[in-house]
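Let me begin by presenting the structure, written as structure tokens, before commenting on it.
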Amino acid sequence: MHDLAPLHALGGAEARIDTVAGVTLTENMGLALASVSARKGQETACRAHLGELLEGSAPEPGKTVLHDPEASFWMAPDQWMVGAPFGTHEDLAAQLKARFCETASITEQTDAWVCFDMRGDGIEAVMQLCANIDIERMQTGDAVRTVIHYMGVYVLRRDPANWLRILGSRSSAGSLHHALVTAMKAAL
Numbered sequence: 001m002h003d004l005a006p007l008h009a010l011g012g013a014e015a016r017i018d019t020v021a022g023v024t025l026t027e028n029m030g031l032a033l034a035s036v037s038a039r040k041g042q043e044t045a046c047r048a049h050l051g052e053l054l055e056g057s058a059p060e061p062g063k064t065v066l067h068d069p070e071a072s073f074w075m076a077p078d079q080w081m082v083g084a085p086f087g088t089h090e091d092l093a094a095q096l097k098a099r100f101c102e103t104a105s106i107t108e109q110t111d112a113w114v115c116f117d118m119r120g121d122g123i124e125a126v127m128q129l130c131a132n133i134d135i136e137r138m139q140t141g142d143a144v145r146t147v148i149h150y151m152g153v154y155v156l157r158r159d160p161a162n163w164l165r166i167l168g169s170r171s172s173a174g175s176l177h178h179a180l181v182t183a184m185k186a187a188l
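Quick note on numbering: UniProt numbering labels position 70 of the sequence shown as 70, and the sequence is numbered without any gaps.
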């Protein structure tokens with residue numbers, strides 16, 4: 001019998017936490033993710049199901065809906081990423097498939113992405129060094145796809161004062177982490 005233990009995207013048994021001058025970068029393994037893509041001819045019904053889930057409406061381009069416990073951000077026309085706490089939504093994709101039925105194609109995404117939460121005064125200075133986005137104008141609920149050190153990422157503004165969520169490819173988690181920590185050290 002194998003005795004397997006889950007590892008974080010950066011390879012450790014515990015989440016990696018780095019702090020530089022009041023800004024903290026935390027590897028977040030507590031997030032379940034699933035993509036939702038409306039099927040042809042089912043776009044309106046799919047949006048309605050997502051709106052019901054979020055108790056509002058589906059996110060528009062450049063936006064995220066921060067509903068508790070689920071949250072969602074726009075990825076492409078009629079395509080969204082849905083996230084929820086892993087502890088209560090380990091089977092998020094299955095839950096969404098049951099809700100959306102034939103209106104959407106749902107794909108498990110949890111292990112394909114690395115999630116970093118950046119918090120603290122000075123996050124704008126850090127992001128100015130590593131991403132070509134207008135970070136000062138981003139408000140709570142804004143989401144943008146950009147590039148950090150040649151890696152495609154999504155940056156979500158969770159709180160205008162001091163909280164960003166950065167989602168990137170799990171396969172480049174180490175490189176993304178290095179780029180973010182290097183920018184923190186340079187900016188702060």
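Idealized CB from N, CA, C, for every residue including glycine.
Problem set entry | Alpha carbon of Ala48 to alpha carbon of Ser57, nearest angstrom | Just so you know, the alpha carbons of Ala48 and Ser57 end up roughly 7 Å apart.
For this session: Taking 8 Å as the cut-off, decide whether the C-beta atoms of Arg99 and Asn162 are in contact.
Result: No, Cβ-Cβ distance for Arg99 and Asn162 is not below 8 Å.
Exercise. Is it right to say Ile17 is buried, meaning 16 or more other beta carbons lie within 10 angstroms of its own, or is it exposed?
Worked result: Around the beta carbon of Ile17, a 10 Å sphere encloses fewer than 16 other beta carbons of the protein chains shown; the residue is thus reported as exposed.
For this session: Spatial neighbours of Gln79 within its chain, please: CB distance less than 8 Å, with the 5 preceding and 5 following residues excluded, ordered by chain position.
Result: Answer for Gln79: Ser35, Val36, Ser37, Ala38, listed in chain order.
Exercise. Can you tell me where the alpha helix (DSSP H) with Thr27 in it begins and where it stops?
Worked result: Note on identity: in this sequence residue 27 is Glu, with Thr being the wrong assignment. Boundaries for Glu27: no alpha helix (DSSP H) harbours it, while the beta strand (DSSP E) harbouring it runs 23-27, taken from the DSSP string.
For this session: Could you check what DSSP says for Asp159 in three-state terms: helix, strand or coil?
Result: Per DSSP, reduced to three states, the secondary structure at Asp159 is strand.
Exercise. How would you label His177, buried or exposed, when you count the other beta carbons within 10 angstroms and need 16 or more for buried?
Worked result: A residue is called buried when at least 16 other Cβ atoms come within 10 angstroms of its Cβ; His177 meets this threshold and is buried.
Exercise. Contact between the region 52-66 and the region 133-146: three or more CB pairs below 8 Å?
Worked result: Output reads yes: the region 133-146 touches the region 52-66.
Exercise. Helix, strand or coil: which one does DSSP assign to Leu167?
Worked result: Leu167 falls in the strand class under three-state DSSP.
Exercise. Is the Cβ-Cβ distance between Cys46 and Ala125 less than 8 Å?
Worked result: In this structure, Ala125 does not lie closer than 8 Å to Cys46 by Cβ.
Exercise. Under the three-state reduction of DSSP, which class applies to Ala183: helix, strand or coil?
Worked result: In the three-state reduction of the DSSP assignment, Ala183 falls in the helix class.
Exercise. Whole-angstrom Cβ separation of Tyr154 and Leu164, contact assumed at under 8 Å?
Worked result: Cβ-Cβ separation between Tyr154 and Leu164: approximately 10 Å, too far for a contact (criterion under 8 Å).
Problem set entry | CA-to-CA distance, Thr24 to Ala187, given in whole angstroms | Ala187 and Thr24 have their C-alpha atoms roughly 13 Å apart.
For this session: With DSSP collapsed to three states, give me the class of Asp68.
Result: Asp68 carries a coil assignment under DSSP once its states are collapsed to helix, strand and coil.
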